[in-house]
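All remarks here apply to the structure that follows.
Residue numbers (our numbering): 870 to 1309.
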């Protein structure tokens, strides 16, 4: 019989939170084994070589490098990065006309004013969804008076601005929140969770951070955990192929989506309170479509440095990022969150492209045929069941605290969804991995 102190600590999940926890535990002299369901490390960090370039199909950005712990890892390991700030955005209206400097000023200032409203929102407002709060503000007399006094717009111009702002917030709900306004808490912008400073990406892939963290850590891949039996002193971790692993403690870092789908059975079962916390936290889907061309048909001398373009059609904003310098090939990246991300997963790349092309035709005369299209499908991935967490209506720190609470000193939970700062980000997952070790 294995004595408790001789059994290793098992970490479930070789994403950023799991590897961080395992690394910290090993520094303390603990015996650690990481079980990973996939045939690779990294989880929702997934760098894949396609042709001659490496594409990040999951996480891409370090969101602000000042005091960001991921940036520290990058510097320590001399990993190459490229600054990719949103240099300047341009906005095309539904009639295909570019917003001029005055129109852009009015739009961006109104947008900033509304975002400030969300940042200052009272705590009870978490029980109201963001769509309701936004519609109330947009139609409120205070907003209308402010617009009229500052910009002297006529009634038709105000109505047009309201529509553009409402649709833009729908886009913000998708990116960066992987949700939609009807499911998002009105408090969503209070806890943005980004660091200041430049935003950077990885020409050779975010996986380099994973490679740095996983050095000297025992990781067993293709181990799909289906049951954790913690009814005895020695915990038994069972996989779908019948393997059994003994552990003194278990750190569970699987994505929130996996917990929501009950892919892992717990013996004894989790408390009702913990189950409710799991179900109450928001978890959304976010996908990418990469489109490669032979030429940068969207470039003009006037907007040579622009890398972030928004097009407003009758119903929504379309956003694309120019990634050509990163991938050494004319490349556009389109981002989809919430319902549109789910739609993306259920149609072909060609269908998506035809939909996008209709918006592009509003502003470009000739659009060449892409030479390659590829997309992500994180909602269809059984080992993630989505992309990252968001603040759902009614979200409270108490719910996060309930899920973080260890069980009998045996089971511990970590992941981006439990981050005290930066939920939904890589740095949030990293800091959650550090925090969980402190609680052991």
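C-beta atoms are modelled at their ideal positions from N, C-alpha and C, and glycine is treated no differently. Treat the numbers as computed from the prediction; the structure is a model and nothing was measured.
Reduced DSSP secondary structure (H/G/I, E/B, other) of residue i
i            : result
residue 1005 : helix
residue 970  : helix
residue 948  : coil
residue 1032 : helix
residue 889  : helix
residue 1233 : coil
residue 1050 : coil
residue 942  : helix
residue 981  : helix
residue 958  : strand
residue 1089 : strand
residue 1075 : coil
residue 1215 : coil
residue 897  : coil
residue 1299 : helix
residue 1167 : coil
residue 1246 : coil
residue 1253 : coil
residue 1293 : coil
residue 988  : helix
residue 964  : coil
residue 1264 : coil
residue 1015 : helix
residue 975  : helix
residue 1063 : coil
residue 871  : Because the pLDDT at residue 871 is just 48, under 50, the model does not fix this residue reliably, and the point stays unresolved.
residue 1084 : coil
Which residues DSSP lists as bridging residue i, in chain order
i            : result
residue 1115 : 1105
residue 1258 : 1152
residue 1206 : 1155
residue 1096 : 1107, 1134
residue 998  : 1054
residue 916  : 925
residue 880  : 903, 1120
residue 1161 : 1200, 1241
residue 1186 : 1181
residue 1280 : 1119, 1276
residue 1069 : 931, 952
residue 1191 : 1201
Own chain residues within Cβ distance below 6 Å of residue i, not counting five before or after
i            : result
residue 1188 : 1179
residue 1096 : 1107, 1134
residue 1083 : 888, 910
residue 870  : With a pLDDT of only 41 at residue 870, under the threshold of 50, the placement of this residue in the model should not be trusted; the figure read from the coordinates follows. Excluding positions up to five away in sequence, the list is empty.
residue 1093 : 906, 1108, 1109
residue 923  : 916, 1073, 1074
residue 1218 : 1242, 1244
residue 1205 : 1156, 1213
residue 948  : 1077
residue 1198 : 1161
residue 867  : The structure shown does not extend to residue 867, since the chain is modelled only from 870 through 1309, so no value can be given for it.
residue 902  : 877, 879, 1087
Cβ-Cβ separation, residue j to residue i (assumed contact under 8 Å), whole Å
i            : j            : result
residue 1305 : residue 890  : 5 Å
residue 1207 : residue 1048 : 5 Å
residue 1117 : residue 1275 : Between residue 1275 and residue 1117 the Cβ distance is about 13 Å, and since that is not below 8 Å, they are no contact.
residue 1040 : residue 1245 : Contact doesn't hold; Cβ gap of about 18 Å is too wide.
residue 1214 : residue 1248 : 5 Å
residue 1176 : residue 1240 : That belief does not hold up - the Cβ atoms of residue 1176 and residue 1240 are roughly 20 Å apart, past 8 Å.
residue 1056 : residue 990  : 6 Å
residue 1063 : residue 1155 : Contact flag wrong, Cβ pair sits at about 16 Å.
residue 886  : residue 1302 : 4 Å
residue 913  : residue 1045 : Rounded, the Cβ-Cβ distance is 14 Å, inconsistent with contact.
residue 1253 : residue 1088 : About 17 Å; that fails the 8 Å criterion.
residue 1121 : residue 892  : That belief does not hold up - the Cβ atoms of residue 1121 and residue 892 are roughly 17 Å apart, past 8 Å.
residue 1043 : residue 1209 : 6 Å
residue 1081 : residue 964  : About 49 Å separates the two Cβ atoms, so there is no contact after all.
Contacting residues, own chain, Cβ-Cβ under 8 Å from residue i (five flanking each side not counted)
i            : result
residue 1030 : 975, 976, 979, 1016, 1022
residue 1119 : 878, 879, 880, 881, 1097, 1099, 1104, 1106, 1279, 1280, 1281
residue 950  : 931, 943, 1069, 1070, 1071, 1072
residue 1261 : 1048, 1052, 1053, 1054, 1149, 1150, 1151
residue 1036 : 1181, 1184, 1185, 1186
residue 1233 : 1166, 1167
residue 1067 : 933, 934, 952, 954
Contacts around residue i, its chain only, beta-carbon distance under 7 Å, and the 5 residues preceding and following it disregarded
i            : result
residue 939  : 931, 1078, 1295, 1296, 1299
residue 973  : 960
residue 1143 : 1271, 1272
residue 1202 : 1157, 1159, 1189, 1190, 1192
residue 984  : 1058
residue 1230 : 1236
residue 962  : 968, 1181
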